[in-house]
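Okay, structure first, notes after.
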Amino acid sequence: MEGATLVNLPPELERDIFELAAWEYPEAVKTLILVARRVCIWIEPQLYQVVLSRGSGATERLLQMMHSKPPEFLREHVCHLALSSLTPRSDVTRILSTCTNVHDLAIWTGDTYPELLSDMRHLTNLRRLSINLFDLFGGHNGFQLPRPEELLPLPFAHLTHLDVFSSMPEPMWPVFGMFPCLTHLAFSDYYHPEMVHTTLDTCAVLQLLVIVWTYDDDPDAGGEDNHDTSEISDPRFCTIPCHLFESDWEEGAWGGLDFWRRAEIELRERGERRQGSVSEESQPLHAQESQ
Numbered sequence: 001m002e003g004a005t006l007v008n009l010p011p012e013l014e015r016d017i018f019e020l021a022a023w024e025y026p027e028a029v030k031t032l033i034l035v036a037r038r039v040c041i042w043i044e045p046q047l048y049q050v051v052l053s054r055g056s057g058a059t060e061r062l063l064q065m066m067h068s069k070p071p072e073f074l075r076e077h078v079c080h081l082a083l084s085s086l087t088p089r090s091d092v093t094r095i096l097s098t099c100t101n102v103h104d105l106a107i108w109t110g111d112t113y114p115e116l117l118s119d120m121r122h123l124t125n126l127r128r129l130s131i132n133l134f135d136l137f138g139g140h141n142g143f144q145l146p147r148p149e150e151l152l153p154l155p156f157a158h159l160t161h162l163d164v165f166s167s168m169p170e171p172m173w174p175v176f177g178m179f180p181c182l183t184h185l186a187f188s189d190y191y192h193p194e195m196v197h198t199t200l201d202t203c204a205v206l207q208l209l210v211i212v213w214t215y216d217d218d219p220d221a222g223g224e225d226n227h228d229t230s231e232i233s234d235p236r237f238c239t240i241p242c243h244l245f246e247s248d249w250e251e252g253a254w255g256g257l258d259f260w261r262r263a264e265i266e267l268r269e270r271g272e273r274r275q276g277s278v279s280e281e282s283q284p285l286h287a288q289e290s291q
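Residue numbering for the sequence shown follows our numbering, beginning at 1 and increasing consecutively.
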């Protein structure tokens, strides 16, 4: 525009604007880093904050990314990591020993094994985990219930959110009460009333237990509509559909509405409805008649 004056913003404000834009629109980061060298320095780390490795060639792309940056950069900036494609065990070891600041980890490789636990002990800040827990502790070939003191060190010392998608035979049930900080627990596509009751009774700090149904809308495929969970009256329990699990995880990693947050909203709204009903019932009869 003729006569327009370019305004030089203070660097701090300029940085805030670019960082906010990168956070709100992560798909635009690759374009924004081309604006100027200083912008690249400010927001390039956000390219690595959430890593979802999926699809053909995903492991190779992830390893190429790791080659392109020094280990200390990855250690600092990779916070959310989901391995959702078949990954050689040696590569899993390398990835977890490098990205040690990950606080949100999903292992969906189809290959979970007890030795993986040693690799996970590098994670000093793990808060959220999605994994085949049964296979991690030995599976059908040698499941061993860990001792409580074995779950106190890393990586479980600070774990607050656990999503389990494995089979869960009865000998495994006590393990959920052994995590010292576990407040949120999800069972994916698995519902056993007695297990739910036992878990709610034994998990001292648990605030939410959610059954996550990942089936599609095909009524013959199973899912939430084919399971009656009405016998569970505990206010911490609910069920949530989640048909696009990987996308849901990624949405949550960027601060969006994932199944954890939707379950929290469900519990809160149910509590408000219950509180409203109690308030109505507790009103004197003449007060109700005057409304």
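Note that beta-carbon positions come from the ideal geometry of N, C-alpha and C, so glycine has one too.
Residue i (DSSP reduced to helix, strand or coil)
i           : result
residue 241 : strand
residue 14  : helix
residue 147 : coil
residue 104 : strand
residue 130 : strand
residue 53  : strand
residue 247 : helix
residue 33  : coil
residue 227 : coil
residue 276 : helix
residue 115 : coil
residue 201 : helix
residue 73  : helix
residue 221 : With a pLDDT of only 44 at residue 221, under the threshold of 50, the placement of this residue in the model should not be trusted, and no figure is reported.
residue 259 : helix
residue 271 : helix
residue 38  : helix
residue 265 : helix
residue 67  : helix
residue 236 : coil
residue 93  : helix
residue 139 : helix
Residue i vs residue j beta-carbon contact at 8 Å
i           : j           : result
residue 83  : residue 56  : no
residue 168 : residue 190 : yes
residue 198 : residue 183 : no
residue 257 : residue 238 : no
residue 48  : residue 67  : no
residue 206 : residue 162 : no
residue 178 : residue 151 : yes
residue 131 : residue 107 : yes
residue 181 : residue 212 : no
residue 208 : residue 196 : no
residue 79  : residue 119 : no
residue 202 : residue 245 : no
residue 124 : residue 85  : no
residue 97  : residue 134 : no
residue 296 : residue 34  : Nothing in the structure corresponds to residue 296, since the chain is present only between 1 and 291.
residue 262 : residue 240 : yes
residue 28  : residue 21  : yes
residue 102 : residue 126 : yes
residue 50  : residue 194 : no
residue 234 : residue 185 : no
residue 26  : residue 254 : yes
residue 155 : residue 121 : yes
residue 99  : residue 117 : no
Counterpart residues of residue i in DSSP-defined beta bridges
i           : result
residue 186 : 163 and 210
residue 81  : 51 and 105
Contact between the segment 82-90 and the segment 133-149 (3+ Cβ pairs under 8 Å): no
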